[in-house]
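Its first residue numbered 12, the sequence shown is counted upward by one per residue in the working numbering. The structure appears right after this line, and notes come after that.
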Amino acid sequence: MTQFSPTQFRNNFPLLHLKIDNKALIYFDNAATTQKPQCVLKAINHYYQYQNANVHRASHYLSSEATTAFEEAREKVRAFINAGSTKEVIWTKGTTESINLVSQSLGLDHLTEGDEIVLSESEHHANIVPWQIVAQKMGVTIRVLPLTKFGTIDISNIETIINAKTKIVAIAHVSNVLGKINPIETVINRAKKVGALTLIDGAQAIAHLTIDVQKLDCDFYVFSAHKVFGPTGVGVLYGKEAILNTMQPYQSGGEMIKTVSFYKPTTFNALPFKFEAGTANISSIVAFAKTIDFIKPYIQESIDYSEYEKQITRYCYQQLASIKGVTFISEGTPDIPVLSFTLNGHHNHDVASMLDSYGIAVRAGHHCAMPLMEYLTISGCIRVSLAPYNTYEEIDIMINAIHNIVSNENFIDSNNTAQENVRTSLNEITLDSIIEKFSKIKGWDNRHREIMLLGKTLTRLNKAERRDEYLIKGCESLAWLKIEKTERNTFLLSADSDAKIIRGLLVIVLSAYNGKTAEEIKQFTIEEYFSKLGLLQHLSPSRGNGLRAIVETIKRTVK
Ligand code: PLP
Numbered sequence: 012m013t014q015f016s017p018t019q020f021r022n023n024f025p026l027l028h029l030k031i032d033n034k035a036l037i038y039f040d041n042a043a044t045t046q047k048p049q050c051v052l053k054a055i056n057h058y059y060q061y062q063n064a065n066v067h068r069a070s071h072y073l074s075s076e077a078t079t080a081f082e083e084a085r086e087k088v089r090a091f092i093n094a095g096s097t098k099e100v101i102w103t104k105g106t107t108e109s110i111n112l113v114s115q116s117l118g119l120d121h122l123t124e125g126d127e128i129v130l131s132e133s134e135h136h137a138n139i140v141p142w143q144i145v146a147q148k149m150g151v152t153i154r155v156l157p158l159t160k161f162g163t164i165d166i167s168n169i170e171t172i173i174n175a176k177t178k179i180v181a182i183a184h185v186s187n188v189l190g191k192i193n194p195i196e197t198v199i200n201r202a203k204k205v206g207a208l209t210l211i212d213g214a215q216a217i218a219h220l221t222i223d224v225q226k227l228d229c230d231f232y233v234f235s236a237h238k239v240f241g242p243t244g245v246g247v248l249y250g251k252e253a254i255l256n257t258m259q260p261y262q263s264g265g266e267m268i269k270t271v272s273f274y275k276p277t278t279f280n281a282l283p284f285k286f287e288a289g290t291a292n293i294s295s296i297v298a299f300a301k302t303i304d305f306i307k308p309y310i311q312e313s314i315d316y317s318e319y320e321k322q323i324t325r326y327c328y329q330q331l332a333s334i335k336g337v338t339f340i341s342e343g344t345p346d347i348p349v350l351s352f353t354l355n356g357h358h359n360h361d362v363a364s365m366l367d368s369y370g371i372a373v374r375a376g377h378h379c380a381m382p383l384m385e386y387l388t389i390s391g392c393i394r395v396s397l398a399p400y401n402t403y404e405e406i407d408i409m410i411n412a413i414h415n416i417v418s419n420e421n422f423i424d425s426n427n428t429a430q431e432n433v434r435t436s437l438n439e440i441t442l443d444s445i446i447e448k449f450s451k452i453k454g455w456d457n458r459h460r461e462i463m464l465l466g467k468t469l470t471r472l473n474k475a476e477r478r479d480e481y482l483i484k485g486c487e488s489l490a491w492l493k494i495e496k497t498e499r500n501t502f503l504l505s506a507d508s509d510a511k512i513i514r515g516l517l518v519i520v521l522s523a524y525n526g527k528t529a530e531e532i533k534q535f536t537i538e539e540y541f542s543k544l545g546l547l548q549h550l551s552p553s554r555g556n557g558l559r560a561i562v563e564t565i566k567r568t569v570k
């Protein structure tokens, strides 16, 4: 492999040339999903144009073409993770489904009351909730490995937590929030000593580390193709053949059977097909083989590629650390380019939405790791996750943008409470004035600024009014909505949120509904209003849904 060139590597990814509102996209949400190289896009197209047929089911030419490509992909994955046999590589639709498969199939058969499952504090919900469901059904206790201040699993008390009662240990190779490599070898060894099975969630590791499942000697290793530059909708469950053979199918139907009869017991197919009920995501699986051809030489063979990844991680970490108010959620530079922090005085969602207005995609919130947020006693954080197609220049642009956010504190003031703030009466902000203003605004950055300014005009609820009963369900940030009926049968709405962007959106919604009767509220077509303001195209689906959650709460409540 020749020397790694980030520019050449980047040129493989057409989406990275995208401009949003005339600004170059800066994609720093790679831990959520990576972008796809041209060869993968081509492979999907090629499959549908020249190979499309169902696999394993017919003797015609196309089916044989598709089946060959499908099984070649399995072999590619086997080699990619050094599994002993393709029987140990099961297609799923992602990490989540792989974990559900193991937890349902193994959990329900192999667990009895009093057993214990061991997880860690930093697990993704995908590696918590499936076990909670099984644990509840089977009367099993979940024990949780704590973390060190550096964000890795703390093994100092491992012998107490992983003990004779432990039947399954399921932990992430690398946390999706902390970006630190866990001491999984130690955990696997300890689990073996007590006869417990091990599942390693490799969702975040797969794009950054060379995985050798035989060397790790874990019982299961799971990951998603989309996190390693492959298509969405494809996941892998690696499992040791001997263990998979003892497990019951997870889902049933076509493909996973040997014989079906109304008069004799149905018999199941051999591995790996026993666990692959129904038609798989064939096109994406075939394209995943091309992904591996493309990415394996980088991840597993190029020291320069890994070195570049480490360098941009270090650089980004140092630059972020130099910003006043940035607090990392754990100590030390992450092992993979996942950097999580909070910015003092700024709501995480405000920082993310402000960066979005610069064309920079990062993520804010709990990152599907609510127990970790609880453990760290934070409500959420901002996560910047890089890939080797990202550049120093992009990092610099983000750092400048964060500096601007910090220094513009006076423009959009910080989390003042109602008492502290100068308030503009909501009455001065009318629906017509908002439509009028937005009709003159071009570009999302200006719209975003206007929403933030509108947020300043919201009359805040006082602390006593921020009651649980007023919490809007379905909104990603905490938001409260108080609805009162007046003597004239109209409604008086007041609301609040810790996030400035949500406060702005609340002003927009409230201006449409405040002072109206139930009938008028029901008649009003809010979608049209949002679309006039150019809102829905730019708000993330969750925040978009949050906007809808506000509307639905109002419509449901007013009578
Ligand atoms: N586990 C970890 C550590 C993850 O980061 C993710 C996704 O972010 C998942 C599991 C779930 O992956 P998927 O949504 O592809 O099933």
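We treat Cβ as the ideally placed atom computed from N, Cα and C, and that holds for glycine. Keep in mind that this is a model prediction, so the values were computed, not measured.
Between G515 and G466, the C-beta gap is smaller than 7 Å, which places the two residues in contact.
Between S294 and I55, the C-beta spacing is below 7 Å. In this structure, Y316 places its C-beta atom within 7 Å of the C-beta atom of F15. Every beta strand (DSSP E) of 3 residues or more that sits fully in the segment 198 to 257 is shown, in chain order, as 208 to 212, 231 to 235, 246 to 250. In the DSSP assignment, K467 falls within the alpha helix (DSSP H) that extends over 455 to 467.
Contact between the segment 59 to 72 and the segment 207 to 216 is not established, with fewer than three Cβ pairs separated by less than 8 Å.
Nearest in C-alpha terms to I462, of all of L472, L482, I513, F240, is I513.
I483 places its beta carbon less than 7 Å from that of T564.
Cβ neighbours of T221 within its own chain (closer than 6 Å, five residues either side excluded): Q311. Under the three-state reduction of DSSP, A363 is assigned to helix. Beyond the five residues adjoining it in sequence on each side, F541 comes within less than 6 Å, by CB distance, of L547 in the same chain, given in chain order.
In the structure shown, the three-state DSSP call for D346 is coil. Taking 6 Å as the cut-off, the C-beta of A146 does not count as close to any heavy atom of ligand 1. Around the C-beta of P48, 16 or more other C-beta atoms lie within 10 Å, and the residue is accordingly described as buried. Look at A214: its beta carbon is less than 6 Å from one of the heavy atoms in ligand 1. Setting aside the 5 residues that flank it on each side, A175 is surrounded in the same chain by V205, each with a C-beta closer than 7 Å to its C-beta; the list follows chain order. Here DSSP, grouped into helix, strand and coil, assigns S131 to strand.
In the DSSP assignment, L503 forms a beta bridge with E495. Of the residues assessed, A300 falls on the buried side of the cut-off, its CB having 16 or more other CB atoms within 10 angstroms. In the DSSP annotation of this structure, A80 is not part of any beta strand (DSSP E); the continuous alpha helix (DSSP H) holding it starts and ends at 72 to 92. At a Cβ-Cβ threshold of 7 Å, A291 and T45 do not count as neighbours. Within 10 angstroms of the beta-carbon of S96 lie fewer than 16 other beta-carbons, which makes it exposed.
Selection E539, V520, I110 evaluated against K566 yields V520 as nearest (Cα-Cα).
Note that the C-beta distance between I211 and Y232 is below 7 Å.
Annotation: F161 to N280 spans about 46 Å, alpha carbon to alpha carbon. The beta carbon of Q143 lies closer than 7 Å to those of I153 in the same chain, with the five residues before and after it left out. Look at F24 here: in three-state DSSP terms it is coil, with no helix or strand label. Judged by DSSP in its simplified three-state form, G526 adopts coil rather than helix or strand.
Shown here for C379: same chain residues with a beta carbon closer than 8 Å to its own, the five before and five after excluded, namely H135, H136, A137, N187 in chain order.
Taking a C-beta distance under 7 Å as the contact criterion, G336 and D32 do not qualify as a contact pair. Contact between Y386 and E132 is confirmed by a C-beta separation of about 5 Å, below the 8 Å threshold.
Within the same chain, and ignoring the five residues on either side of S114 in sequence, the residues whose Cβ sits closer than 6 Å to its Cβ are P141, W142, V145. DSSP places L472 in the coil class of the three-state scheme, outside both helix and strand.
When only Cα atoms are considered, H360 and A510 end up about 6 Å apart. Distance between E405 and Y524, taken at the CA atoms: about 42 Å. Only buried fits K285, as 16 or more other CB atoms lie within 10 angstroms of its CB.
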